[in-house]
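Q: Chains as they are written, first to last, in my numbering: chain X, 3 to 260; chain Y, 3 to 260; chain B, 3 to 260; chain C, 3 to 260.
Glycine is no exception: its CB is placed at the ideal position from the N, C-alpha and C atoms.
4 protein chains.
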Amino acid sequence: MSGGSWKTAITKVEPNKLVVRGYRLDQLMGNLSFPQVIYLLIKGELPTRNVGKILDAILVSSIDHGVTPPSCQAAVTVASTGAPLNAALAAGILAINEFHGGAIEKSMQVLEEAVDLMDRERVSLQEAAERVVRDYLEQNQKIMGYGHRIHTNDPRTVRLFNLAREYGISGKYIEMSEAIRGALKKLRGKDLPINVDGAIAAVLCELNIPSELANAFFIIARIPGLVAHIYEEITRYQPMRRIDFSAVEYDGPEEREI
Amino acid sequence: MSGGSWKTAITKVEPNKLVVRGYRLDQLMGNLSFPQVIYLLIKGELPTRNVGKILDAILVSSIDHGVTPPSCQAAVTVASTGAPLNAALAAGILAINEFHGGAIEKSMQVLEEAVDLMDRERVSLQEAAERVVRDYLEQNQKIMGYGHRIHTNDPRTVRLFNLAREYGISGKYIEMSEAIRGALKKLRGKDLPINVDGAIAAVLCELNIPSELANAFFIIARIPGLVAHIYEEITRYQPMRRIDFSAVEYDGPEEREI
Amino acid sequence: MSGGSWKTAITKVEPNKLVVRGYRLDQLMGNLSFPQVIYLLIKGELPTRNVGKILDAILVSSIDHGVTPPSCQAAVTVASTGAPLNAALAAGILAINEFHGGAIEKSMQVLEEAVDLMDRERVSLQEAAERVVRDYLEQNQKIMGYGHRIHTNDPRTVRLFNLAREYGISGKYIEMSEAIRGALKKLRGKDLPINVDGAIAAVLCELNIPSELANAFFIIARIPGLVAHIYEEITRYQPMRRIDFSAVEYDGPEEREI
Amino acid sequence: MSGGSWKTAITKVEPNKLVVRGYRLDQLMGNLSFPQVIYLLIKGELPTRNVGKILDAILVSSIDHGVTPPSCQAAVTVASTGAPLNAALAAGILAINEFHGGAIEKSMQVLEEAVDLMDRERVSLQEAAERVVRDYLEQNQKIMGYGHRIHTNDPRTVRLFNLAREYGISGKYIEMSEAIRGALKKLRGKDLPINVDGAIAAVLCELNIPSELANAFFIIARIPGLVAHIYEEITRYQPMRRIDFSAVEYDGPEEREI
Chain X
3 MSGGSWKTAI TKVEPNKLVV RGYRLDQLMG NLSFPQVIYL LIKGELPTRN
53 VGKILDAILV SSIDHGVTPP SCQAAVTVAS TGAPLNAALA AGILAINEFH
103 GGAIEKSMQV LEEAVDLMDR ERVSLQEAAE RVVRDYLEQN QKIMGYGHRI
153 HTNDPRTVRL FNLAREYGIS GKYIEMSEAI RGALKKLRGK DLPINVDGAI
203 AAVLCELNIP SELANAFFII ARIPGLVAHI YEEITRYQPM RRIDFSAVEY
253 DGPEEREI
Chain Y
3 MSGGSWKTAI TKVEPNKLVV RGYRLDQLMG NLSFPQVIYL LIKGELPTRN
53 VGKILDAILV SSIDHGVTPP SCQAAVTVAS TGAPLNAALA AGILAINEFH
103 GGAIEKSMQV LEEAVDLMDR ERVSLQEAAE RVVRDYLEQN QKIMGYGHRI
153 HTNDPRTVRL FNLAREYGIS GKYIEMSEAI RGALKKLRGK DLPINVDGAI
203 AAVLCELNIP SELANAFFII ARIPGLVAHI YEEITRYQPM RRIDFSAVEY
253 DGPEEREI
Chain B
3 MSGGSWKTAI TKVEPNKLVV RGYRLDQLMG NLSFPQVIYL LIKGELPTRN
53 VGKILDAILV SSIDHGVTPP SCQAAVTVAS TGAPLNAALA AGILAINEFH
103 GGAIEKSMQV LEEAVDLMDR ERVSLQEAAE RVVRDYLEQN QKIMGYGHRI
153 HTNDPRTVRL FNLAREYGIS GKYIEMSEAI RGALKKLRGK DLPINVDGAI
203 AAVLCELNIP SELANAFFII ARIPGLVAHI YEEITRYQPM RRIDFSAVEY
253 DGPEEREI
Chain C
3 MSGGSWKTAI TKVEPNKLVV RGYRLDQLMG NLSFPQVIYL LIKGELPTRN
53 VGKILDAILV SSIDHGVTPP SCQAAVTVAS TGAPLNAALA AGILAINEFH
103 GGAIEKSMQV LEEAVDLMDR ERVSLQEAAE RVVRDYLEQN QKIMGYGHRI
153 HTNDPRTVRL FNLAREYGIS GKYIEMSEAI RGALKKLRGK DLPINVDGAI
203 AAVLCELNIP SELANAFFII ARIPGLVAHI YEEITRYQPM RRIDFSAVEY
253 DGPEEREI
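Written out as structure tokens, the structure reads:
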């Protein structure tokens with residue numbers, strides 16, 4: 003009744019040797035950054051140094067967004083009951099779904115659809131963007147990646163696109179992302195800025211990451227933020243306090259320069 | 003019945019501005035590596051470039067260990083039932099506990115105890131190590147961080163200690179880690195190599211990371227590995243197959259150089 | 003920035019008074035069975051005694067299925083790492099998805115579709131069954147609730163349908179369940195028995211439970227089974243043992259009568 | 003490298019036969035209540051009808067406590083992000099720990115300690131109670147099971163003890179529970195009522211349930227409550243709404259009689 007032998011292409015474990023996608027793990031250590039090895043694990047090949055750098059920037063961009071995102075609320079609520087760190091983290095991760103974090107995946111799908119259309123039908127960027135936006139509007143579907151509850155001009159978007167250009171990673175997906183913004187303005191009469199989800203989506207498309215893994219990048223990025231909030235909760239507050247997540251004030255260091 | 007206002011020292015969220023531990027998130031992007039910002043979030047201050055580099059190496063060292071660790075088994079088992087990615091990851095994280103991943107925390111505690119003893123009672127490294135080891139042996143407690151089920155000479159340990167020296171991070175905790183190995187040999191007659199948990203423990207002690215957060219670093223490191231295994235499971239295999247985790251063969255790329 | 007006041011129709015908590023769906027909890031205690039109160043919580047109204055009894059039977063039918071279901075594998079794997087009981091349970095629940103447990107919901111949808119068709123178009127049970135089966139076959143979709151990996155004649159199905167008849171709960175959904183079996187035989191040439199998922203699905207349809215909550219009943223039922231396996235693991239075995247879930251033997255009590 | 007064969011004493015799965023602790027599952031269906039089979043699974047033997055009834059009452063007593071317990075907050079927060087039902091439930095369960103639900107286990111330990119002392123040293127109930135309470139007070143440890151944030155006279159406690167008497171289950175643990183209340187009054191000058199955790203603890207001790215499984219009963223009981231809240235959240239509210247858990251009002255049915 004056994005399942006029989008099967009294959010994995012990820013890691014080979016032998017006595018005193020660990021090989022990840024063909025590379026010895028101890029050789030990767032010190033020679034490649036963590037984001038580069040994340041890419042290697044997921045895509046199977048080594049990224050360039052610049053791909054590693056843009057992934058570093060993406061992960062930094064999403065590392066935390068304060069206490070109000072549901073992932074933080076769930077993690078802190080669970081931590082407050084006396085849970086071990088990993089259980090509080092698991093609860094936080096369970097909150098990263100379609101409506102929280104999920105916008106990156108949906109935004110990637112729109113960009114892929116529009117770029118496919120452009121390539122397949124040999125139409126201009128603008129035309130592809132307009133046709134896709136029109137389709138979505140007609141079907142009453144939301145185009146994710148534009149506008150934000152809090153930020154009208156998200157500094158992370160600007161920075162990420164600048165870095166992508168600097169690292170030579172910018173291409174047709176980032177252009178398409180701007181073209182869709184234009185199409186939305188033209189067809190809906192509203193100029194919605196590209197939000198950080200939309201910006202990350204465009205860059206992940208440039209890196210040829212499958213959209214099903216968009217959430218993985220958001221989760222990898224956010225775990226350290228959740229760790230910080232869980233640790234603050236258990237070191238600074240009593241268990242089982244009533245927590246009003248909208249009544250928080252920041253009392254960390256004053257703004258400072260790197 | 004509201005919980006009233008409270009404080010967080012981690013992140014300030016304002017329209018178009020995100021400040022983490024005093025630094026603007028968009029300024030951190032591109033200027034600091036992800037591991038550096040992890041350190042900032044957890045410790046509250048910016049690390050040096052070299053601290054970021056050793057953290058990069060720690061995270062890379064633990065990024066994956068094949069399909070047999072329970073975290074991978076739990077994640078893949080759950081993925082195989084049709085779970086979304088985040089649920090499979092959460093199950094994997096729930097398997098990172100005292101007996102899987104937990105050795106880093108316990109190893110840090112031994113090192114801290116021994117270094118405290120050395121500093122407090124002004125005894126030599128060797129004497130402190132022997133007294134702590136004797137205490138543990140008398141109380142029939144295991145000293146974590148030495149010996150490994152599979153690896154007799156873990157290449158990750160050697161590499162991590164070499165990098166720590168190269169980056170100028172090596173200090174009394176790494177020395178104590180070797181001294182305890184010596185004491186174990188003398189008092190138990192067995193020469194057990196420092197395993198990767200013990201090596202990471204020593205470096206995290208050098209960085210003054212609280213031992214309660216050891217697990218956090220292991221979890222942050224392992225998530226991408228779990229993502230790769232989950233993605234392989236759902237793209238390569240049928241749902242609900244019987245999985246014999248001991249019957250796996252590696253069919254990834256041949257060994258190659260960076 | 004507060005969320006403002008909102009409503010819940012489930013439970014009113016006042017000093018020394020707990021009111022669930024209008025009934026005082028202390029009055030429910032001793033007067034209604036747990037399954038009856040489950041129904042009350044979910045549907046908002048008290049069930050008859052017999053509805054409580056059929057729910058009891060459904061919950062008993064799914065309370066355990068040995069160590070091989072993925073929910074048990076995930077729970078036991080996590081328990082073996084030193085996790086607290088609730089974390090091991092959470093991992094088990096995360097394995098109850100489309101391909102494990104999910105057949106009840108899908109089976110309910112088929113039955114609802116067929117009964118709707120029969121009622122709407124005033125056709126016979128047989129015709130409705132055949133039209134729905136034909137649709138599914140044409141779209142290459144599997145009809146859930148028929149056939150089983152292990153059981154060719156599941157004793158739980160027979161028993162559940164007998165009890166449903168005895169309690170006066172049997173109706174058009176259970177009939178439709180048989181009609182679909184007939185249609186499958188006629189159109190696919192294969193006589194597949196109704197499995198326990200299909201039987202539970204038919205009864206839950208008779209009780210007018212929303213199909214989105216099918217999984218909830220399976221989870222409620224299975225938690226005690228998972229508890230028993232987790233407890234056996236931590237009291238009988240060493241942490242971190244290698245577990246081959248296909249190599250288990252039963253050493254409990256010999257078969258006996260109630 | 004396989005783990006080899008191993009044993010389970012819980013369930014035997016054969017084609018067309020499921021045997022739980024020696025009893026055929028289809029025979030248990032309709033003859034035993036769900037709480038009776040829960041007992042069977044955990045303890046290995048069939049309970050009396052009355053043990054089943056008191057377990058029914060325990061499970062009903064803890065089935066829900068409104069939206070403010072952290073388990074409900076975590077579950078509803080996660081549900082609001084678009085999570086599937088099982089993921090929201092898992093998050094809720096992860097919040098059931100030392101400070102939420104955990105009082106039952108701790109209360110059982112106090113009762114066991116006091117009854118052990120009484121039996122071992124052949125002292126009176128009162129003396130055993132006073133000695134244990136004094137010990138706890140001297141070590142500055144809280145005795146769980148007395149007093150409540152909201153309820154000064156919890157109707158569930160009264161009801162549960164009455165039912166225990168009626169079912170012939172009342173014994174020395176319930177008496178000890180009252181004796182400890184007396185000792186607390188005498189030694190601390192405060193008359194704290196036995197809360198529902200303390201009452202359940204006393205009854206579970208009478209049933210000889212291991213205290214490590216106290217949490218299991220609380221979790222089994224609370225899952226249906228969490229299901230109801232999750233289902234209300236996703237059917238009644240928009241995803242990602244800001245939820246102020248202290249600002250809820252009950253709009254369910256008016257108080258009514260069974």
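Which residues, in chain order, does the stretch 74-85 of chain Y contribute to contact with chain B at a C-beta distance below 8 Å?
A: From the stretch 74-85 of chain Y, only Q75, A76, T79, V80, S82, T83, G84, A85 have a Cβ closer than 8 Å to chain B.
Q: When we look at the beta-carbon of E259(B) and count the other beta-carbons within 10 Å, is it buried (16 or more) or exposed?
A: Your numbering for residue 259(B) matches position 257 in the third sequence. Result: exposed.
Q: Would a C-beta distance cut-off of 8 Å place F219(B) and T70(B) closer than the cut-off?
A: Position 217 of the third sequence, counting from 1, holds the residue named residue 219(B). Position 68 of the third sequence, counting from 1, holds the residue named residue 70(B). Contact flag unset, no.
Q: Please identify, using Cβ separations under 8 Å, the residues of the stretch 33-50 of chain B that lie next to chain C, in order along the chain.
A: Cβ contacts with chain C come from N33, L34, S35, F36, P37, V39, I40, L43, I44, G46, L48.
Q: If you run the structure through DSSP and keep just helix, strand and coil, what is I152(B)?
A: Counting from 1 along the third sequence, the entry for residue 152(B) is found at position 150. In the structure shown, I152(B) sits in coil (DSSP, three-state: anything other than H, G, I, E or B).
Q: Does the stretch 158-174 of chain B come within contact of the stretch 83-99 of chain B, defined as at least 3 CB pairs closer than 8 Å?
A: no
Q: Using 8 Å as the cut-off, can you tell me whether the stretch 113-122 of chain Y makes contact with the stretch 111-119 of chain C, which would need three or more C-beta pairs spanning the two stretches below that distance?
A: no
Q: Please return the same chain residues whose Cβ sits closer than 6 Å to the Cβ of L30(X), not counting the five positions on each side in sequence.
A: Your numbering for residue 30(X) matches position 28 in the first sequence. Hits under 6 Å: V39.
Q: From the beta carbon of M3(X), is the nearest beta carbon of chain B less than 8 Å away?
A: Position 1 of the first sequence, counted from the start, is the residue given in the question as residue 3(X). Confidence in M3(X) is poor, its pLDDT being 43 and thus under 50, which makes the residue's placement too unreliable to answer from.
Q: Would E234(C) and V21(B) be called neighbours here (beta carbons separated by less than 8 Å)?
A: One-based indexing of the fourth sequence puts residue 234(C) at position 232. One-based indexing of the third sequence puts residue 21(B) at position 19. Cβ distance not < 8 Å, so E234(C) and V21(B) don't count as in contact.
Q: Specify, as a first and last residue, the run of the alpha helix (DSSP H) that L61(X) falls within.
A: For the purposes of this step, residue 61(X) is taken as the residue at position 59 of the first sequence. Run containing L61(X): 51-63, per the alpha helix (DSSP H) assignment.
Q: So which residues on chain C does F101(X) lean against when the C-beta distance must stay under 7 Å?
A: Along the first sequence, one-based indexing puts residue 101(X) at 99. For F101(X), the chain C residues whose C-beta falls within less than 7 Å of its own C-beta are T83, G84, P241, M242, listed in chain order.
Q: Between the Cα of A166(Y) and those of I202(Y), F101(Y), M242(Y), R122(Y), spot the shortest distance and give me the residue it belongs to.
A: Residue mapping note: residue 166(Y) aligns to position 164 of the second sequence, counting from 1. Taking only the C-alpha atoms, the option nearest A166(Y) is I202(Y).
Q: Give every residue of the same chain whose Cβ lies closer than 8 Å to the Cβ of G6(X), excluding the five residues on either side of it in the sequence, and list them in chain order.
A: Stepping through the first sequence from its first residue, residue 6(X) is reached at position 4. So no residue of the chain qualifies.
Q: Three or more C-beta pairs closer than 8 Å, one from the stretch 59-67 of chain Y and one from the stretch 41-52 of chain B: is that the case here?
A: no
Q: Can the beta-carbon of I106(Y) be found closer than 8 Å to that of A181(Y)?
A: The residue labelled residue 106(Y) in the question sits at position 104 within the second sequence. The residue labelled residue 181(Y) in the question sits at position 179 within the second sequence. No. Outside cutoff.
Q: Once DSSP output is grouped into helix, strand and coil, what is the label at R133(Y)?
A: As a first step, residue 133(Y) must be located in the second sequence, where it is residue number 131. Under the three-state reduction of DSSP output, R133(Y) falls in the helix class.
Q: Closest by CA to G54(B), which one among K188(C), R244(C), F36(C), P195(C)?
A: Position 52 of the third sequence, counted from the start, is the residue given in the question as residue 54(B). Per the Cα distances, F36(C).
Q: Can you grab the Cα-Cα spacing for the pair T237(X) / K19(X), in whole Å?
A: In the first sequence, the residue the question calls residue 237(X) occupies position 235. In the first sequence, the residue the question calls residue 19(X) occupies position 17. Those two C-alpha atoms are separated by around 39 Å.
Q: Using a Cβ-Cβ distance under 8 Å, would A266(B) count as near chain C?
A: Residue 266(B) is absent from the structure shown; chain B starts at 3 and stops at 260.
Q: Along the chain, where does the beta strand (DSSP E) that runs through V112(C) open and close?
A: Here residue 112(C) refers to the residue found at position 110 when the fourth sequence is read from its first residue. Counting along the chain, V112(C) falls outside any beta strand (DSSP E), though it belongs to the alpha helix (DSSP H) covering 105-123.
Q: Could you check whether S73(X) and I56(X) sit closer than 8 Å to each other, using their CB atoms as the reference points?
A: On the first sequence, position 54 is the one that residue 56(X) refers to. On the first sequence, position 71 is the one that residue 73(X) refers to. Not a contact, by the Cβ cut-off of 8 Å.
Q: Kindly indicate the opening and closing residues of the beta strand (DSSP E) around K19(B).
A: Position 17 of the third sequence, counting from 1, holds the residue named residue 19(B). For K19(B), the uninterrupted beta strand (DSSP E) segment begins and ends at 19-22.
Q: How would you list, in chain order, the residues of chain X whose beta-carbon sits under 7 Å from the beta-carbon of E251(Y)?
A: The sequence position of residue 251(Y) within the second sequence is 249, counting from 1. Near E251(Y) (Cβ distances below 7 Å), the residues of chain X are S7, K9.
Q: Does the beta carbon of A89(X) sit closer than 8 Å to a beta carbon anywhere in chain Y?
A: Within the first sequence, numbered from 1, the residue matching residue 89(X) stands at position 87. Yes - at least one Cβ of chain Y is within 8 Å of the one on A89(X).
Q: Tell whether a beta-carbon distance below 8 Å holds between I65(C) and P226(C).
A: Taking the first residue of the fourth sequence as position 1, residue 65(C) is located at position 63. Taking the first residue of the fourth sequence as position 1, residue 226(C) is located at position 224. In contact: I65(C) and P226(C) (Cβ atoms closer than 8 Å).
Q: A92(B) touches chain X at which residues, Cβ-Cβ below 8 Å?
A: Locating residue 92(B) in the third sequence gives position 90, counting from the first residue. Going along chain X in sequence order, the residues near A92(B) (Cβ under 8 Å) are A89, A92.
Q: Give me the subset of the stretch 187-216 of chain B whose CB atoms are less than 8 Å from a CB atom of chain Y, sorted by chain position.
A: Within the stretch 187-216 of chain B, no residue qualifies.
Q: Going by DSSP, which residues form a beta bridge with Y25(Y)?
A: On the second sequence, residue 25(Y) is found 23 positions in, with the first residue counted as 1. Its beta-bridge partners are V22(Y).
Q: So for I222(X), helix, strand or coil by DSSP?
A: Position 220 of the first sequence, counted from the first residue, corresponds to residue 222(X). Helix, per DSSP.
Q: Quick one, which of R136(B), G104(B), H231(B) has its alpha-carbon nearest G191(B)'s?
A: By 1-based counting over the third sequence, the position of residue 191(B) is 189. Of the listed residues, the one whose Cα sits closest to G191(B) is R136(B).
Q: Can you check DSSP and say which residues form a bridge with K192(B)?
A: By 1-based counting over the third sequence, the position of residue 192(B) is 190. Answer is none; K192(B) lacks a bridge partner.
Q: Just to make sure I have the definition right: I need the residues of chain B whose C-beta is within less than 9 Å of the C-beta of V104(Y). Which are they?
A: Position 102 of the second sequence holds residue 104(Y). In the sequence on display, residue 104(Y) carries Gly and not Val. The answer, in chain order, is T83, G84.
Q: Count the other C-beta atoms from every protein chain shown that fall within 10 angstroms of the C-beta of G103(Y), then say buried if there are 16 or more, exposed otherwise.
A: Counting from 1 along the second sequence, the entry for residue 103(Y) is found at position 101. Counting Cβ neighbours within 10 Å, G103(Y) comes out buried, since at least 16 surround it.
Q: Counting contacts by CB-CB distance shorter than 8 Å, is S296(C) in contact with chain X?
A: A question about residue 296(C) goes unanswered here, because the residues of chain C that appear run from 3 up to 260.
Q: For T13(C), which residues does DSSP report across the bridge?
A: In the fourth sequence, residue 13(C) corresponds to position 11, counting from 1. T13(C) is bridged to V22(C).
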